[in-house]
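Residue numbers for the sequence shown follow the numbering used here, so the first one is 6 and each next one is one higher.
Built from N, CA and C at the ideal position, the CB exists for glycine as well.
Data block below; observations after.
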Amino acid sequence: MADNSRKKLGYRDLARYLIAHKWRLVIALFSMVMVGFFGSFNFLLIKPALEVILGAERSQQSLTVVHRHEDGTTQTLTLRDDGMSPDRQAGDNIYAGYSGSLAGQQAEREAFEVAVAPEVVSKKKARPGEMIDVGFLRSLKTRWDALLRPVGARVQEWDKRLKEYGRTNQMNALLIIAALLVAMSMCHGFFDFLAQYEMTYSLLDMMRRLKDDLFRSVLSQDYLYLVRQTTGYLESRISSDVGVLRNTVDVLLTDTIQAPVRLVFLLLVLLILNFQLTLVAVIVLPLAAVPLVYFARAMRRVTRRQKRQADQLSSAMEESLRNFQVIKCFQSEQIEIQRFTKVNLKLFKYYMQRRIARFGAPPLMEVLGAMGASAVVMIGGYLILAGRMEFSALMVYLLTLTQFYMP
């Protein structure tokens, strides 16, 4: 019970040091959210850029046909690919744009029918149903579509306008997209700097005041306490422990906040790009959770042992150097060297165990990420061939997925 009470008191004291910088921490947390937002949603700007480039390449393909009217007259039309994906109701048509003297919706319909080859007309059938055919998954996708419908309608309208503008003004469209990318990168860099500055200032000032209080507390102890404790132990408590605490709080406020926020925004981008592929991509997450939790627990356990061993090494070195007269008098140099070497060897083993637990996670995530990406490529390729996904969307999806899988 005494240990628990002291632990709770320590947490309260740490919170008291942090509360003194509450507004700086609020600014830092808000900046972390903005970093996650701008760092994730800038991937969506790559999609229209790819569509403009791919649309410009396809627009060079043309087809000249002779259209026969009902009155027997003929008209020569030159059809060009408009860079759009195949129409969902029209079948797998290649040439959807046209140039000629016809105008209006009726002319567009006639020109579009002329562009369809006879063997392709037979493919005008209803598209197959969604790949998600499980009850609760279909219900989940329906709710997700309903959630995005208010914003999605406006986004689709702007995307349509950008595509139309890109078909006629490719370079201007690319300049606009490039300017947006630069603007979002500047916002990302600004909020990243602001978050790091406010967090660093708060942590360093907290450590400064904590060291002052610890030093004051040590010197306020009675004579017997100072005699029983070694100098190396007291120095470690004031300097080394405070440094470890600073690193712990730094990880707590950054990796446990900024990294999850970034993952949430990346997951949102993946869901916006394609709901079905995201369900496939997140299957590997439960597989990665077990070894990652094991590595995290092993690192915490080894870190505690490493800290205790480092304190023993520091104390042994400090005692040997301060009492060199006694060591020389009794000729116990080899005993002290062996004791120091034994403690140092244990510390080396703990350092190696900690490093193994630390660099063991990235290769594992790389393998699991490759498995998820391979499944996404296979299913995404099927969706493209079926006309239910654009090639540019799959490229952006894979790029975002690589960032999502990064440990």
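Going by Cα to Cα distance, which pick from the options is closest to residue i?
i    : options                   : result
Y402 : L275, Y22 and Y228        : L275
T407 : F198, L271 and R172       : L271
P346 : L231, A315 and V298       : Note on residue identity: the sequence assigns Thr, not Pro, to residue 346. Checked all of L231, A315 and V298; the closest Cα to T346 is A315.
K27  : Q339, M204, L152 and L180 : M204
L23  : L153, Y387, D210 and M176 : D210
Q263 : M370, R29, V40 and M376   : V40
P265 : A25, I361 and M411        : M411
K165 : A188, L352 and P53        : P53
R21  : Q343, Q330 and M212       : M212
R313 : L352, R154 and Q234       : L352
L55  : I32, A362 and L179        : L179
F42  : E324, Q281 and H193       : H193
R309 : A375, R327 and T253       : T253
A293 : E371, T147, K146 and E323 : E371
If you draw a straight line from the C-alpha of residue i to the C-alpha of residue j, how long is it?
i    : j    : result
I277 : I243 : 50 angstroms
R251 : D218 : 15 angstroms
Q317 : V348 : 7 angstroms
F48  : P367 : 23 angstroms
A200 : S36  : 5 angstroms
S207 : S320 : 31 angstroms
K130 : A391 : In this predicted model, K130 has a pLDDT of only 38, less than 50, meaning its place in the structure is not dependable; the value taken from the coordinates is given anyway. The alpha-carbon atoms of K130 and A391 are separated by roughly 12 angstroms.
Y356 : D150 : 50 angstroms
E169 : I51  : 17 angstroms
Y230 : E240 : 14 angstroms
Q111 : F396 : Only weak support is given to the placement of Q111: the predicted model assigns it a pLDDT of 39, under 50, and the value that follows is read from those uncertain coordinates. Rounded to the nearest angstrom, the two C-alpha atoms are 30 angstroms apart.
Q161 : L59  : 19 angstroms
I288 : D255 : 31 angstroms
S224 : L19  : As written in the sequence, residue 224 is Leu, which differs from the Ser given in the question. Each residue's Cα considered, the two are about 21 angstroms apart.
V247 : S337 : 35 angstroms
D97  : L388 : At D97, the pLDDT of 38 sits below 50, so the modelled position is not reliable; the number obtained from the coordinates is stated separately. D97 and L388: Cα-Cα distance of roughly 13 angstroms.
R360 : A301 : 12 angstroms
V38  : M304 : 28 angstroms
R154 : A25  : 44 angstroms
W163 : S144 : 28 angstroms
Q234 : Q226 : 11 angstroms
A375 : V382 : 10 angstroms
Since I believe residue j is in contact with residue i (beta carbons under 8 angstroms), could you give me their beta-carbon distance rounded to a whole number of angstroms?
i    : j    : result
G44  : R267 : 6 angstroms
A380 : V285 : 5 angstroms
M191 : N279 : M191 to N279, Cβ: 29 angstroms. No contact.
G385 : L399 : 4 angstroms
L369 : P296 : 6 angstroms
Q175 : V57  : 5 angstroms
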